[in-house]
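Counting in my numbering, the sequence shown runs from 1026 upward without gaps.
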Amino acid sequence: MCEGPAVPSSPWPVRSGDLLLRDPVEADVEALLSFRNDPLVNHFMVRAHVDPDDLRRELVAVADSPTAFSCVVERDGAVVAIGFLDVVDGPGQPGVPDGTDGLIGYVVDPRYAGRGIATATARALLGAAFEGLGLRRVTAAANADNHASVAVLEKAGMRRERLSRQSLWHHELGWLDEVGYALLAEEWAARGR
Ligand SMILES: CC(C)(COP(=O)(O)OP(=O)(O)OC[C@H]1O[C@@H](n2cnc3c(N)ncnc32)[C@H](O)[C@@H]1OP(=O)(O)O)[C@@H](O)C(=O)NCCC(=O)NCCS
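Structure representation (structure tokens):
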């Protein structure tokens, strides 16, 4: 029998303070749609509108995906955020190992903004990436004008690596700058030492 590479098991569920980060299920679609297409949420999102059927398909697909480890964030039983964690290949020459790197992101329901939920989610995503999935390097990117998201990445302990000038198209504002953040597994392990 021919066996493919082992699919890593989900790094969820994880508890962080009063938050529960868990695998998404189809029943989460309605709760996520209650804020995912809110104009406040979409102002800086590259995907400025999410089709409900696409979101449903994406949530269901996470369970069997070897590379998608997004999570739903609950507080007191309510869905308050979604965290994105995708395993990607690092760039480089032929022979580069597969699936060593991670890409994270987050969206918080605006009704729960300003309570540290994104910061806790970003930290949990980093923990899941490094400790749960054994990844080598994790990156995140934000519109440079998305000050709240930049604050989240800084507070989560990620290291700013780049400013890409006028690299992201915004349908109202034109070409905007993007900042890139990263963290290595050894930096994660050394935190707080
Ligand atoms: C950006 C977002 C994730 C922040 O979520 P949140 O749960 O409110 O974030 P937190 O409460 O953990 O932290 C936000 C930090 O940003 C700061 N902040 C908020 N607005 C700010 C602004 N306009 N300028 C500077 N800092 C700001 C807050 O003060 C807080 O820092 P502090 O705790 O040191 O005071 C949320 O607003 C969101 O989902 N936005 C839409 C989607 C999005 O942009 N996702 C990120 C894509 S890269």
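In this text, a Cβ means the ideal position worked out from N, Cα and C, and glycines have one as well.
Note that the structure is predicted; figures quoted are calculated from it, not measured.
Scanning the stretch 1103-1166 from its first residue to its last, the whole beta strand (DSSP E) runs of 3-plus residues come out as 1103-1113, 1126-1133. Between the stretch 1176-1183 and the stretch 1128-1147, the count of C-beta pairs closer than 8 Å reaches three or more; the two stretches touch. Within the DSSP bridge table, the entry for residue 1168 names 1203 as partners. Going by beta carbons, residue 1153 and residue 1036 fall inside the 8 Å limit. Between residue 1108 and the set 1068, 1042, 1198, 1048, the nearest pair of CA atoms involves 1048. In this chain, the alpha helix (DSSP H) harbouring residue 1080 covers 1077-1087. Judged by DSSP in its simplified three-state form, residue 1035 adopts coil rather than helix or strand. If the five residues before and after residue 1195 are omitted, its C-beta is found closer than 7 Å to the C-beta atoms of 1201, all from its own chain and listed in chain order. When only Cα atoms are considered, residue 1121 and residue 1101 end up about 43 Å apart.
Relative to ligand 1, the beta carbon of residue 1062 is positioned no closer than 7 Å to any heavy atom. For residue 1192, the enclosing beta strand (DSSP E) has its first and last residue at 1184-1195. Pairwise C-beta distances place the stretch 1161-1172 out of contact with the stretch 1087-1106, as fewer than three of them are shorter than 8 Å. For residue 1142, the Cβ falls inside the 7 Å cut-off from some heavy atom of ligand 1.
The three-state reading of DSSP puts residue 1173 in helix, counting H, G and I together. An exposed status is given to residue 1198, since fewer than 16 other beta-carbon atoms sit within 10 Å of its beta-carbon. 1042 is the residue among 1216, 1042, 1086 whose C-alpha sits nearest the C-alpha of residue 1140. Contact annotation: the stretch 1109-1128 does not touch the stretch 1068-1075, with fewer than three C-beta pairs closer than 8 Å.
Rounded to the nearest whole angstrom, the C-alpha separation of residue 1188 and residue 1206 is 9 Å. Out of 1193, 1156, 1184, the CA that lies nearest to the CA of residue 1039 is found in 1156. Residue 1054 sits in a helix when the DSSP states are folded into three classes.
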